[in-house]
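To keep things clear, I will list the structure first and then write my remarks on it.
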Amino acid sequence: MKMQEDEISAIVAEMLTEQHRLQQDSIDAIVSKAVASVMASFGIEDDDRKEVRADFQHLRRWRKSVEQAQSYTLKAVITVLVTGLVGAAWLGVKVMLGK
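Under numbering that gives the first Met the number 0, think of the first position of the sequence shown as 0, with each following residue one higher.
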């Protein structure tokens, strides 16, 4: 009796594993089809994947360089403002001490 229960458990486990694999394959196929459909609606065909990837990499590099330029611009503006204020204060002190 013990042997039959073990065999039944093994068979059930095997069936559940197979069912899970089939469901996963089905889900993968559905997701793949949905992604392909969305990409096709944007005018991107399956053959263009490498080009699209290169385009996105280029856009990422461009975006990062623009962000870096903005950061440097902000630092430069702050430096000019602080330098102007310090220069004006220095001139004010110099004029006050000169009298």
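By construction, the Cβ of each residue, glycine as well, lies at the ideal position given by its N, Cα and C atoms.
Next item on the list: Taking only the alpha-carbon atoms, compute the straight-line gap between residue 84 and residue 70 and give it to the nearest angstrom.
Entry: 21 Å
Notebook entry, point to check: Hey, which unbroken runs of the alpha helix (DSSP H) at 4 residues or more fall wholly within the region 53-77?
Noted result: none
Margin query: I need the straight-line Cα distance from residue 76 to residue 34, nearest angstrom please.
Written below: 45 Å
Check: Under the three-state reduction of DSSP, which class applies to residue 43: helix, strand or coil?
Finding: coil
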